[in-house]
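Asks: Residue numbering for the sequence shown follows this note's numbering, starting at 11 and increasing by one per position.
Cβ coordinates follow ideal geometry from the N, Cα and C atoms, glycine included.
This one's a predicted model, so the numbers in the text were calculated from it and none came from an experiment.
Just passing along the structure, written as structure tokens.
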Amino acid sequence: NGRLVLNPPPALQAVARRHDAGIDAVALAAVAQQPWADRVLLGAAGVDQLHANLRADAVTLTEQDLAELAPAAMAPADYWAQRSDLAWH
């Protein structure tokens, strides 16, 4: 939904650089590697974004990468509260 694109956490940017991938691909890969994620839904708004998102399939994050990304997680209640406050909602 753009949260990570507008103000990407430095850790996300660093991990993306290490994997030569976009931040969207790294974020999707991080979710896909969670034991509770059977499927990860993309929300691509166009062909270019779809190709960037699909790059996640080639990104395998290490435990160190995942630990580095963990502080960027937002509690679900905070996420939904913030999202419901958006003007377009």
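Compute the Euclidean distance between the alpha carbons of Gln74 and Arg28, then round it to the nearest angstrom.
Replies: 12 angstroms
Asks: Given that a residue counts as buried once 16 or more other Cβ atoms are within 10 Å of its Cβ, and exposed if not, what is Ala55?
Replies: exposed
Asks: Drop a sphere of 10 angstroms on the beta-carbon of Leu71, count the other beta-carbons inside from all chains shown, and report buried for 16 or more, exposed for fewer.
Replies: buried
Asks: Would you call the segment 82-99 in contact with the segment 50-70, where contact means no fewer than 3 C-beta pairs closer than 8 angstroms?
Replies: no
Asks: Spatial neighbours of Ala82 within its chain, please: C-beta separation below 7 angstroms, excluding the five flanking residues on both sides.
Replies: Pro19, Ala21 and Leu22
Asks: Using a Cβ-Cβ cutoff of less than 6 angstroms, which residues in the same chain neighbour Pro52 once the five nearest sequence positions on both sides are dropped?
Replies: The question names Pro, yet the displayed sequence has Leu at residue 52. Asn63, listed in sequence order.
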